[in-house]
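Some notes on the structure that comes next.
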Amino acid sequence: MSKQYQIDMCSGSVLKKLLMFSLPLMASGVLQLLFNAADVIVVGQFAGDNSMGAVGSTSSLINLFTNLFVGLSVGANVVAARAHGANSASDMHDTVHTSMLLSLICGTVLAIIGFILAPEMLVLMEATENLLPLAVTYLRIYFLGMPAMMVYNFGGAILRAVGDTKRPLYFLTAAGVINVLLNLLFVIVLKMDVAGVALATVISQCISAGLTVMCLIKDNTEIHLNLKQLRIRRRILFAVMRVGLPAGFQGTIFSLSNVVIQSSINSFGSDAIVSGNSAAASIEGFIYMAMNTFYQAAISFTGQHMGAKKYSRIPKILISSLLCVTATGLILGWAAFMLGRPLLGIYSNSSIVVDAGMARLSVIATTYALCGIMDVMVGMLRGLGYSIMPMIVSLLGACGLRILWIATVFQIPEYHSPRTVYLSYPMSWGITLLVHIICYVVVWKRLRRRESKYFVKETKTGLIK
């Protein structure tokens with residue numbers, strides 16, 4: 000493969016390059032969620048609300064365990080982006096081979112833990128008796144596909160680091176179409192219920208992982224993968240973990256707070272509320288995934304510019320990312336709310352389930368832009384090389400405040416309702432965003448002082464007005 004798929008992030012219009020990078024990535028994310036939503040829709044329409052609730056109720060638990068290792072792929076993205084920006088072929092070679100082996104190890108560990116502990120974890124989440132057996136079956140099969148999922152995530156991180164978001168889209172499209180076809184076959188024809196949906200997901204994950212690996216093997220640029228050279232380079236591993244572990248830990252704690260919230264929803268003892276919550280969360284996932292592309296763009300663009308020492312363009316990255324994520328969050332969030340009833344009707348024919356879903360959309364979807372803006376600020380900080388700072392802020396702000404809200408306000412009898420649970424999200428996003436903005440200003444001033452010679456040099460060449 001030539002460099003036709005790569006984007007030169009360090010020259011030309013930042014906004015144009017950002018959109019060129021983000022739109023295929025956004026399409027990939029939305030497409031992936033469409034295929035995931037197909038799991039919930041197929042079981043909801045052809046296996047019943049209990050099966051839909053069982054599949055939906057496992058999402059926060061799956062994220063709890065996967066986010067730590069997916070966070071490591073963020074570290075791989077930053078390290079690879081810096082190597083690419085600095086034109087260091089040797090660093091890129093070591094990053095590719097260390098990251099891909101690390102992904103396989105992480106996926107295997109996840110598969111073992113998830114398969115063994117599935118029943119105990121669901122019981123701790125207070126899954127209802129009607130949903131527990133189905134949820135255990137789905138969760139165990141789903142976790143068997145973790146090695147493939149991790150390989151795809153790390154491989155995609157390497158491709159994004161060099162500006163390639165098109166090929167992952169092609170791979171995901173092929174795998175996703177197969178996923179939907181297998182869903183229909185396993186659930187409608189073979190009557191496999193949630194086991195069929197989980198198996199279809201695992202097979203599609205293996206396909207997307209296989210295509211990603213083949214892409215890296217056949218690529219003739221600096222991201223070429225040679226399976227015989229797979230080994231952990233300690234220098235690269237530590238660099239990946241320095242950024243990736245805080246990111247992964249933050250994602251895990253975020254998911255833990257979501258598990259607390261899922262448990263709070265489960266505590267109402269209503270399968271309709273659980274199913275409505277799951278359906279609304281699935282719809283919101285499309286908004287989040289669309290916004291998250293600008294978080295990933297902020298990391299990759301900032302990482303490459305840091306590697307190339309082109310600091311003067313970094314504020315343009317911030318402004319472009321914020322404009323894009325705000326517009327995306329507001330437009331899609333309010334569209335989801337206004338079209339909420341017909342959208343929720345795709346998941347379930349029950350009016351009670353739809354009403355429960357609308358209660359969530361009215362609070363979270365309409366304020367989701369705050370979450371996207373917060374994530375972009377985190378992406379900028381990580382691209383600049385600061386990962387622990389945004390992790391601490393996010394843990395204390397978004398997660399700590401959310402859990403505190405559930406432990407206090409939610410316990411007051413007159414506020415003991417699903418709406419009170421949902422209000423914890425915009426409250427925590429807004430406060431955490433303000434702190435992230437302050438952190439970015441401090442970090443940027445520190446960078447200008449430390450690298451003042453490069454700013455002076457760029458001024459002399461006319462790059463700073």
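The sequence shown maps to residues 0 to 464 in numbering that gives the first Met the number 0. We treat Cβ as the ideally placed atom computed from N, Cα and C, and that holds for glycine.
- By the Cβ neighbour-count rule, N276 is buried, with 16 or more other Cβ atoms within 10 Å of its own.
- Boundaries of the alpha helix (DSSP H) around L133: 131-142.
- The beta carbons of V95 and I140 sit no closer together than 7 Å.
- Burial state of I235 is buried, judged by a 10 Å Cβ sphere holding 16 or more other Cβ atoms.
- Counting along the chain, the unbroken alpha helix (DSSP H) around P341 starts and ends at 339-346.
- D7 carries a coil assignment under DSSP once its states are collapsed to helix, strand and coil.
- For A397, the closest of L244, L369, G384 by C-alpha to C-alpha distance is L369.
- Runs of alpha helix (DSSP H) with 4 or more residues, each lying fully within the stretch 251-321, are found at 270-307, listed in chain order.
- The beta carbon of T431 lies closer than 7 Å to those of M373, V392, S393, G396, A397 in the same chain, with the five residues before and after it left out.
- Rounded to the nearest angstrom, the gap between the Cα atoms of A173 and A53 is 27 Å.
- Rounded to the nearest whole angstrom, the C-alpha separation of V201 and L60 is 17 Å.
- Sixteen is the threshold: since fewer than 16 other Cβ atoms of the shown chains lie within 10 Å of the Cβ of L338, the residue is exposed.
- Taken through DSSP and simplified to helix, strand or coil, A335 comes out as helix.
- Taking a cut-off of 8 Å for Cβ pairs, the stretch 20-35 and the stretch 289-297 touch, as three or more such pairs fall below it.
- By the C-beta criterion, the stretch 181-197 is judged to be in contact with the stretch 130-149, since at least 3 inter-stretch pairs fall below 8 Å.
- Note on geometry: alpha-carbon atoms of P389 and G70 lie some 13 Å from one another.
- Counting only residues of its own chain and dropping the five nearest sequence neighbours on each side, L383 has a CB closer than 7 Å to the CB of T301, M305, V442, L446.
- Residue environment for K217: exposed (fewer than 16 other C-beta atoms within 10 angstroms of its C-beta).
- The residue from G162, A75, L184 with its alpha-carbon nearest to that of R232 is A75.
- Every unbroken stretch of the alpha helix (DSSP H) spanning 4 or more residues and falling wholly within the stretch 346-394 is given here in chain order: 350-363, 367-382, 387-393.
- For A173, the uninterrupted alpha helix (DSSP H) segment begins and ends at 165-182.
- A82 and L33 have their C-alpha atoms some 34 Å from each other.
- For G429, the three-state secondary structure derived from DSSP is helix.
- The Cβ atoms of A199 and L181 sit closer than 7 Å to each other.
- Excluding five sequence positions before and after A364, the CB atoms of its chain that fall closer than 6 Å to its own CB belong to E283, G332, A335, F336, given in chain order.
- Inside the stretch 185-222, DSSP marks whole alpha helix (DSSP H) runs of 4 or more residues at positions 192-217, from first to last along the chain.
- The Cβ atoms of A110 and L143 sit closer than 7 Å to each other.
- At the C-beta level, F153 and S207 stay beyond 7 Å of one another.
- The DSSP-derived three-state label of H415 is coil.
- Here I231 carries a coil assignment [DSSP, helix/strand/coil].
- For C105, the enclosing alpha helix (DSSP H) covers residues 88-123.
- Taking G247 as reference, the option from R449, P146, S72, D38 with the minimal CA-CA separation is S72.
- A direct Cα-Cα distance of roughly 26 Å separates I313 from I286.
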